[in-house]
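As structure tokens, the structure follows; a few thoughts come after it.
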Amino acid sequence: MSVTSQWIEISSPEGTFGAYLAIPHTRKGPGIVLIQEIFGVNEHIRSVAEQYAADGYLVLAPDLFWRHGHRIELGYDEAGWKRAVELMNATDRYKAQADIKLAIDTLKTHTGLDGRIASIGYCFGGMLSYNTAANGFVDVAIAYYGGGIQNQLDRASEIKVPLLMHFGEQDSHIPIDAVKQIAERFEFNDDVDIEVYPGAEHGFNCSHRDSYNQRAAAEAHGNTLIFLSQNL
2 MSVTSQWIEI
12 SSPEGTFGAY
22 LAIPHTRKGP
32 GIVLIQEIFG
42 VNEHIRSVAE
52 QYAADGYLVL
62 APDLFWRHGH
72 RIELGYDEAG
82 WKRAVELMNA
92 TDRYKAQADI
102 KLAIDTLKTH
112 TGLDGRIASI
122 GYCFGGMLSY
132 NTAANGFVDV
142 AIAYYGGGIQ
152 NQLDRASEIK
162 VPLLMHFGEQ
172 DSHIPIDAVK
182 QIAERFEFND
192 DVDIEVYPGA
202 EHGFNCSHRD
212 SYNQRAAAEA
222 HGNTLIFLSQ
232 NL
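Heads up: take any position in the sequence shown, counting from 1, add 1, and you land on my numbering.
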């Protein structure tokens with residue numbers, strides 16, 4: 002039996018929202034809440050969910066833009082970028098965290114959950130994954146090129162779970178000085194790992210973007226799987 006996937010609905014005090022569920026072929030596994038970029042739960046994020054399901058994880062990717070439209074899915078062209086930034090700026094991050102918590106609670110009740118739960122987020126989602134860790138919602142957290150983490154280092158002491166952060170050395174959105182600032186803040190926390198990928202730009206993991214870097218994406222995926230296997 003291969004990986005299966007489907008959209009499910011999650012109830013919240015404000016209404017229901019969609020989440021993309023990917024189930025491993027074993028039908029059971031540790032959980033991952035997968036946190037989107039600013040482009041919605043689009044084809045790329047769904048493919049990432051399916052990849053982690055193929056790796057043996059039960060994956061749920063909540064639609065965090067649901068208050069602005071049904072299953073908004075954007076591309077990486079100029080129009081997509083413009084709309085994505087508008088949606089990011091219009092999103093209440095406290096409400097997004099509440100949605101993530103509901104997705105985690107949904108995973109906890111799924112019959113296929115066999116183990117603990119991690120969060121993995123990309124860009125906007127990377128910052129949210131960092132905050133999910135600080136809020137104590139998950140057992141492990143991973144952030145790919147999390148924009149703005151350097152501005153939330155006052156929450157560093159609240160992070161009590163293993164945290165892995167991936168950054169591109171050539172990221173035009175996250176200066177290397179910001180990465181150094183983050184690294185200095187977590188220097189004495191043995192549960193926090195930071196990986197910097199030479200020559201990699203922002204969004205290096207996304208094969209749908211011009212900034213895709215195959216080597217960095219492969220190394221980051223491998224590092225993520227090792228980190229999950231060691232800590233989840």
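Cβ coordinates follow ideal geometry from the N, Cα and C atoms, glycine included.
Helix, strand or coil at residue i [DSSP, three-state]
i	result
TYR213	coil
GLN7	strand
VAL141	strand
PHE40	coil
ILE160	coil
ASP150	The sequence given here has Ile at residue 150, not Asp. Note: ILE150 maps to helix in three-state DSSP.
ILE227	helix
ASP155	helix
HIS45	helix
ALA201	coil
PRO15	Note that residue 15 corresponds to Glu in the displayed sequence, not to Pro. Here GLU15 sits in coil by DSSP.
GLU51	helix
LEU22	strand
GLY70	coil
ARG220	The residue you asked about is not Arg; residue 220 is Glu in the sequence shown. Helix, per DSSP.
LEU233	coil
Element boundaries [beta strand (DSSP E), containing residue i]
i	result
GLN182	Segment 177-186 is the alpha helix (DSSP H) holding GLN182; no beta strand (DSSP E) there.
GLY76	Neither: GLY76 is in no beta strand (DSSP E) and is coded neither H nor E.
ILE59	Just to set this straight, residue 59 is Leu in the shown sequence, not Ile. Start and end: 59-63.
Presumed contact (8 Å Cβ cut-off) between residue i and residue j, rounded CB distance
i	j	result
TYR77	HIS222	Their Cβ separation, rounded to whole angstroms, is 20 Å, which puts TYR77 and HIS222 out of contact at 8 Å.
LEU61	ILE46	Their Cβ separation, rounded to whole angstroms, is 11 Å, which puts LEU61 and ILE46 out of contact at 8 Å.
ALA144	TYR131	5 Å
LEU233	VAL141	5 Å
LEU59	GLY122	About 17 Å; that fails the 8 Å criterion.
HIS228	ASP191	Checking the displayed sequence, the identity of residue 228 turns out to be Phe instead of His. Their Cβ separation, rounded to whole angstroms, is 13 Å, which puts PHE228 and ASP191 out of contact at 8 Å.
HIS26	VAL49	Not confirmed; about 17 Å, so no contact.
VAL42	ARG84	About 15 Å separates the two Cβ atoms, so there is no contact after all.
Alpha helix (DSSP H) segment containing residue i, residue limits
i	result
ILE105	94-110
ALA119	First-last for ALA119: 114-123, but that is the beta strand (DSSP E), not the alpha helix (DSSP H).
MET86	Per the sequence presented here, residue 86 reads as Val, with Met not at that position. Where VAL86 is concerned, the enclosing alpha helix (DSSP H) stretches over 79-91.
Residue i beta carbon near the ligand ADP (any heavy atom closer than 7 Å)
i	result
GLU196	In the structure shown, the ligand ADP is absent, as is every other ligand, since no ligand is present at all.
Buried or exposed by the 16-neighbour rule on C-beta atoms within 10 Å, applied to residue i
i	result
ALA219	exposed
PHE189	exposed
GLN215	exposed
TYR95	exposed
GLU44	exposed
ILE33	buried
ASP172	buried
GLY269	No answer is possible for residue 269: the residues shown for the chain start at 2 and end at 233.
ILE160	buried
ARG28	exposed
ALA23	buried
ASN206	buried
THR133	buried
ALA80	exposed
THR17	exposed
GLN231	exposed
Review point. Does the stretch 62-81 touch the stretch 93-112, meaning 3 or more C-beta pairs lie closer than 8 Å?
Key: yes
Check your understanding: Are the stretch 164-171 and the stretch 191-205 touching, with three or more C-beta to C-beta distances below 8 Å?
Key -> yes
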